[in-house]
Every structure is written in structure tokens, then in C-alpha cells.
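Worksheet: the structure to be examined is printed underneath.
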């Protein structure tokens, strides 16, 4: 659905970003055999970043901010972000066809 509609950073920029993230994570996450499991602690933040990058609101339970703060995210909270491809997905995008922008 987004094929060709999203500009990406250069490979060099992506590699620099990944290296900086690895250095940062290794600076505070102790080396252990279960270190990769600790990444789950940051999964919501990662998903929020992806949603923002795609132009979607990362507050998936809004406008109920009590749920946003106190209720765990589930797969259904991400419904509507990725839809099954349709015949119109192969057609060129209309001018101004953008993903839903995040509310300010």
C-alpha cells in the first residue's frame, strides 16, 4: 500500500542510526544471555516510532487516555494500519493521498 510513497534515508544514514542505537543500548543494558528478552521492555516505544514515521497517530487507544496509560496494548489496537492489498493499490496514488496524520 505504501510502495514508493515513503522516502527513506540513505543506507549510510540508516547504518549510522543503528550503530548509535546499539551503542546506547549496550551502555545501559548489562551483557547477559537474556539481554534480547529485555528489548521487549522497549517494544511500545519502537512501535510508536514506526507509527510516527508512517504518519499515524501513535496513541492507539485515544481519545481514552486512561486506557492509553493503564491498559496494555493488544494486537487489535493496531487494526486499520495495514489493510490487505486491493486492486487500487496497483494504481498510481492520487495527488494529496497521504496516510492519516498524527493529531497535534
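Residue numbers (our numbering): 86 to 189.
The C-beta atom is built at its ideal place from N, Cα and C for all residues, glycine as well.
1) I'd like the list of long-range same chain contacts for residue 114, defined as Cβ closer than 7 Å, with 5 residues on each side in sequence excluded.
2) Alpha carbon to alpha carbon, how far is residue 187 from residue 148?
3) Sort 91, 129, 98 by Cα distance to residue 159 and report the nearest one.
4) Kindly indicate the opening and closing residues of the alpha helix (DSSP H) around residue 105.
5) Comparing C-alpha positions only, which one of 142, 99, 150, 157 sits nearest to residue 166?
6) Roughly how many angstroms lie between the CA atoms of residue 91 and residue 135, to the nearest whole one?
7) Between which two residues does the alpha helix (DSSP H) containing residue 154 stretch?
So, from the listed chains and residues:
1) 120, 123
2) Any reading at residue 187 is ruled out, since the residue's pLDDT is 49, under 50, leaving its predicted position unreliable.
3) 129
4) 96 to 113
5) 142
6) 12 Å
7) 150 to 155
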